[in-house]
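Read through the structure below, which is laid out as structure tokens, and then see the notes.
In the UniProt record's numbering, the protein residues as written are 1 to 269.
Next up, the structure:
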């Protein structure tokens with residue numbers, strides 16, 4: 001007589017993929033009906049006055065593939081529209097739900113302080129860039145002293161390698177000075193409509209200003225209007241872009257080390 005096949009129930013993955021940390025009081029009203037990484041259900045893990053927004057996962061590492069990054073961002077956006085939150089960087093996975101609770105308990109005061117700081121605010125990006133594809137050529141014409149140095153070096157033919165290096169250094173110094181002056185002008189102009197700003201390094205030669213602003217939700221329209229006025233004062237070859245709202249990555253700092261949290265919890269009385 002053939003043996004009956006035994007059907008084993010599929011076990012629930014023990015790993016927890018983290019998206020964000022939110023205050024406990026918002027959990028009951030949160031709509032988490034959005035697909036998580038690998039299509040897993042998104043749900044909260046609570047501890048004390050905090051909750052982590054997570055989904056179950058089997059593996060312990062993920063490659064930053066476009067689809068996965070997009071899903072991570074979509075979950076953050078879904079939560080951000082409903083509650084104050086601390087965003088977690090892509091790819092952070094806890095070994096278990098217990099590890100997540102230990103993390104929340106270990107850093108409760110710090111996380112609550114950060115949540116209070118960003119509550120009622122959104123992060124907006126502000127970038128100013130040169131639209132001319134020939135950045136050096138534009139600045140040669142914009143800075144008479146740079147043009148004079150360039151013309152002097154090339155007056156009698158091709159300059160030496162050392163002379164070209166000196167010209168390049170002079171160009172970088174002028175560009176950095178222009179960037180700093182432009183950033184200061186922007187920061188002064190938006191001071192009344194932002195709570196906090198972070199100036200980031202320009203990503204390329206064409207970018208002049210790259211900053212993040214923490215803006216009260218009630219002042220977003222005023223921020224956009226102020227930036228538009230500032231843009232009108234720039235030379236016509238410069239373009240101003242405002243992006244967002246984004247999760248407040250530039251204004252929160254979640255240092256997550258699950259092994260350290262687990263060890264601390266095991267050593268606690």
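Each residue gets a CB set at the ideal place from its N, CA and C atoms; glycine is no exception.
Spatial neighbours of residue i within its chain, please: CB distance less than 7 Å, with the 5 preceding and 5 following residues excluded, ordered by chain position.
i, result
"residue 54", "16, 17, 18, 19, 43, 45 and 100"
"residue 167", "149, 150 and 153"
"residue 146", "139, 140, 170, 171 and 174"
"residue 64", "90 and 91"
"residue 7", "Caution applies to residue 7, whose pLDDT of 35 falls short of 50 and renders its modelled position unreliable; the value that the coordinates give is listed next. Answer for residue 7: no residue qualifies."
Does the beta-carbon of residue i, which I'm using as the reference point, lie nearer than 7 Å to any heavy atom of the ligand FAD?
i, result
"residue 90", "The ligand FAD is absent from the structure shown, which contains no ligands of any kind."
Does the distance from the CB of residue i to the CB of residue j come in under 8 Å?
i, j, result
"residue 86", "residue 252", "yes"
"residue 112", "residue 223", "no"
"residue 186", "residue 209", "yes"
"residue 48", "residue 103", "no"
"residue 118", "residue 248", "yes"
"residue 127", "residue 241", "yes"
"residue 179", "residue 202", "yes"
Between residue i and residue j, which are expected to be in contact by the criterion C-beta below 8 Å, what is the C-beta distance as a whole number of angstroms?
i, j, result
"residue 122", "residue 23", "Not confirmed; about 17 Å, so no contact."
"residue 171", "residue 139", "7 Å"
"residue 108", "residue 50", "6 Å"
"residue 93", "residue 57", "6 Å"
"residue 52", "residue 21", "5 Å"
Ends of the beta strand (DSSP E) at residue i?
i, result
"residue 100", "Not the beta strand (DSSP E): residue 100 falls in the alpha helix (DSSP H), residues 97-106."
"residue 56", "50-57"
"residue 253", "Taken as a continuous stretch (DSSP letters only), residue 253 belongs to no beta strand (DSSP E), as it is neither H nor E."
"residue 244", "238-246"
"residue 217", "Note, residue 217: premise wrong, no beta strand (DSSP E); not H, not E."
"residue 16", "15-23"
Give me, in chain order, the residues of the same chain whose beta-carbon lies closer than 6 Å to that of residue i; leave out the 5 immediate sequence neighbours on both sides.
i, result
"residue 255", "none"
"residue 14", "96"
"residue 71", "37"
"residue 190", "226"
"residue 135", "205 and 206"
"residue 31", "none"
"residue 243", "125"
Can you find the residues in the same chain that come closer than 8 Å, C-beta to C-beta, to residue i, ignoring five residues on each side of it along the sequence?
i, result
"residue 267", "Unreliable positioning characterises residue 267 in this predicted model, as indicated by a pLDDT of 36, which lies under 50. A coordinate reading is not provided."
"residue 250", "123, 198, 200, 212 and 214"
"residue 155", "none"
Between which two residues does the alpha helix (DSSP H) holding residue i run?
i, result
"residue 79", "66-80"
"residue 121", "Not the alpha helix (DSSP H): residue 121 falls in the beta strand (DSSP E), residues 121-130."
"residue 146", "144-154"
"residue 162", "161-190"
"residue 226", "220-232"
Next on the checklist: Three Cβ pairs or more, each shorter than 8 Å: is that satisfied between the stretch 116-132 and the stretch 230-247?
Outcome noted: yes
Next on the checklist: Whether or not the stretch 191-202 and the stretch 215-225 are in contact is what I'm after, with contact meaning three or more pairs of Cβ atoms, one per stretch, closer than 8 Å; do they touch?
Outcome noted: yes
Checklist entry - Counting Cβ pairs closer than 8 Å, one from the stretch 72-86 and one from the stretch 150-165, do we hit at least three? => result no
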